[in-house]
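Participant:
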Amino acid sequence: EAQVTQNPRYLITVTGKKLTVTCSQNMNHEYMSWYRQDPGLGLRQIYYSMNVEVTDKGDVPEGYKVSRKEKRNFPLILESPSPNQTSLYFCASTSQGLTHGYTFGSGTRLTVV
Amino acid sequence: ILNVEQSPQSLHVQEGDSTNFTCSFPSSNFYALHWYRWETAKSPEALFVMTLNGDEKKKGRISATLNTKEGYSYLYIKGSQPEDSATYLCALGDDKVIFGPGTSLSVIP
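As given, the protein sequences belong to chains A and B, one line each in that order. Going by the working numbering, the first residue of the first sequence is number 7, and it counts up by one from there. Going by the working numbering, the first residue of the second sequence is number 65, and it counts up by one from there.
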């Protein structure tokens with residue numbers, strides 16, 4: 007089944023403790039992206055990657071890192087999480103050229119206390 | 065930052081009514097426009113991707129049109145059903161993909 011797999015689904019952590027949210031897709035998509043969703047603010051793009059070893063900042067990249075060492079994986083790294091990073095995170099992928107819609111992962115609900 | 069707007073913010077309709085929403089965007093540098101349907105507690109699902117001025121797409125009772133010269137797209141739902149209740153998002157961009165705030169639709173049985 008074609009899908010984007012995110013892990014974990016839920017995570018509660020403490021301020022400053024480094025964490026990684028994994029994202030993997032099995033559709034051979036070139037383009038992958040991370041979004042956060044906050045009430046009243048909609049989906050905001052954190053980082054995106056157009057292909058292996060090519061990443062770029064979205065609209066809200068502060069406090070996040072990403073890497074794209076393999077085509078299928080695009081992990082989101084929070085080096086020192088803070089409470090303002092409490093949010094619902096989505097990973098998404100699509101084929102090159104963005105002429106097809108995104109396939110989204112199931113989401114990761116992160117709480118930083 | 066590219067600004068994508070959607071209206072109305074929310075909509076309540078009776079079962080069987082037809083309805084439509086609007087997505088507005090800057091008409092310059094257009095590349096592609098996406099429509100998504102997002103049900104509560106699920107992930108957004110792609111409905112349509114449109115790239116050309118005048119594009120029209122249809123999936124069952126849902127259809128969409130695109131006017132890139134004036135910077136808007138309409139999404140139409142014919143004969144709304146309770147299962148159509150969801151938030152409908154449009155997204156625009158090429159490298160960066162920017163989502164609008166969405167239109168929340170509630171269909172009352």
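For each residue, glycine too, the CB sits at the ideal point set by N, CA and C. For clarity, every value in this text was computed on a predicted model and none was experimentally measured.
Leaving aside the five residues before and after residue 126(B) along the sequence, list all residues of the same chain whose C-beta is less than 6 Å from its C-beta, in chain order.
Facilitator: By 1-based counting over the second sequence, the position of residue 126(B) is 62. Only 141 meet the Cβ criterion.
Participant: Count the other CB atoms within 10 Å of the CB of residue 60(A); is the residue buried (16 or more) or exposed (fewer)?
Facilitator: Residue numbering aside, residue 60(A) sits at position 54 when the first sequence is read from its first letter. Exposed: under 16 other Cβ atoms inside 10 Å.
Participant: Closer than 8 Å by beta-carbon distance: list the chain A residues that pair up with residue 100(B), in chain order.
Facilitator: Indexing the second sequence from 1 puts residue 100(B) at position 36. Those within 8 Å of residue 100(B) in chain A are 107, 108.
Participant: In chain order, what residues of the segment 108 to 125 of chain B put their CB closer than 9 Å to some CB of chain A?
Facilitator: 108, 109, 110, 111, 112, 113, 115
Participant: Assuming residue 86(B) contacts residue 74(B) under a Cβ cut-off of 8 Å, what Cβ separation, rounded to an integer in Å, is found between them?
Facilitator: Numbered from its first residue, the second sequence carries residue 86(B) at position 22. Numbered from its first residue, the second sequence carries residue 74(B) at position 10. Not confirmed; about 13 Å, so no contact.
Participant: What residues from chain B crowd round residue 54(A), counting only those whose CB sits closer than 8 Å?
Facilitator: Taking the first residue of the first sequence as 1, we reach residue 54(A) at position 48. Simply 159, 160, 161.
Participant: So the beta strand (DSSP E) residue 129(B) belongs to, where does it begin and stop?
Facilitator: Translated into the one-based positions of the second sequence, residue 129(B) becomes position 65. Counting along the chain, the beta strand (DSSP E) containing residue 129(B) begins and ends at 126 to 131.
Participant: For residue 31(A), which residues does DSSP report across the bridge?
Facilitator: Stepping through the first sequence from its first residue, residue 31(A) is reached at position 25. According to DSSP, which records beta bridges pairwise, residue 31(A) is partnered with 10(A).
Participant: In chain B, which residues lie less than 9 Å from residue 51(A) when you measure between Cβ atoms?
Facilitator: In the first sequence, counting from the first residue as 1, residue 51(A) sits at position 45. Chain B residues near residue 51(A): 157, 160, 161, 162, 163.
Participant: At least one CB of chain A closer than 8 Å to the CB of residue 96(B): is that the case?
Facilitator: Here the question's residue 96(B) lines up with position 32 in the second sequence. Chain A, which has a Cβ nearer than 8 Å to the Cβ of residue 96(B), makes this yes.
Participant: Can you tell me where the beta strand (DSSP E) with residue 54(A) in it begins and where it stops?
Facilitator: By one-based count along the first sequence, residue 54(A) stands at place 48. First-last of the beta strand (DSSP E) with residue 54(A): 48 to 57.
Participant: Select from 91(A), 10(A), 88(A) the residue whose C-alpha is nearest the C-alpha of residue 39(A).
Facilitator: For the purposes of this step, residue 39(A) is taken as the residue at position 33 of the first sequence. Residue 39(A) has its Cα closest to that of 10(A), out of 91(A), 10(A), 88(A).
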